[in-house]
Amino acid sequence: MVAIAGTECALPRRAVREILPLPRLWRPPGAPGALAGFLNLAGSAVPVLDLAVLFGLGRPVSAQAALYRHLVLLHGEEPLALLVDRVADFVRVDQAHIRPVADEATLNGCVSAAIRLGERLVHGLAIDRILLAEERDRLAARTRDAQARLAEWAA
């Protein structure tokens, strides 16, 4: 369970590699708003997407809220991390509490399920559909540029 600008969302556990406290990020000039920057992870440039900005939910308003922000490092061929307000919990959900959401009901079908947790309704995110194909291509190009910049400074 993650909080994104006051909205509760769930990520599939199998997609999550690691949870990190928010480190210092490098943000190249002219980067799109949803690209919070790049994390230097052992010499690899990892792009960090700010989900609140990407989903049009805004940014946290208080400095105190920013203290608890986390990065969710994802598994996958291409490195990627998601910036969230906080990681709240790991929860196992009974299939009876998960309802599929039609692809056309959300942008790019990025919300794949509505999950009932007690009285709360949580959005289940489909990691592979968070970005549009064009956005993925542009992000890959920016990541190559960031990796090249890191390589220039490697000892």
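Position one of the sequence shown corresponds to residue 33 (the numbering used here), numbered consecutively onward.
We put the CB at the ideal spot given by N, CA and C, even for glycine.
Under 8 Å between C-beta atoms of residue i and residue j
{"i": "Ala-113", "j": "Val-119", "result": "no"}
{"i": "Gly-141", "j": "Arg-168", "result": "no"}
{"i": "Val-19", "j": "Gly-90", "result": "Nothing about residue 19 can be read from this structure; the chain reaches only from 33 to 187."}
{"i": "Val-48", "j": "Leu-106", "result": "yes"}
{"i": "Leu-115", "j": "Leu-83", "result": "yes"}
{"i": "Gly-156", "j": "Ala-37", "result": "no"}
{"i": "Glu-191", "j": "Val-154", "result": "No answer is possible for residue 191: the residues shown for the chain start at 33 and end at 187."}
Delimiting residues of the alpha helix (DSSP H) encompassing residue i
{"i": "Ala-172", "result": "165–185"}
Cutoff 8 Å: residue i Cβ touching any chain C Cβ
{"i": "Arg-56", "result": "You won't find chain C in this structure, because it holds only one protein chain."}
Checklist entry - What beta strand (DSSP E) runs, 3 residues minimum, are completely inside the stretch 35–91? => result 39–42, 48–53, 67–73, 76–82
Item to check | Secondary structure, beta strand (DSSP E): runs of 3+ residues fully inside the stretch 101–158 | outcome: 102–106, 113–116, 130–132, 143–149, 152–157
Item to check | Three or more C-beta pairs below 8 Å linking the stretch 143–154 and the stretch 63–78 | outcome: no
Checklist entry - Does the stretch 56–64 touch the stretch 165–183, meaning 3 or more C-beta pairs lie closer than 8 Å? => result yes
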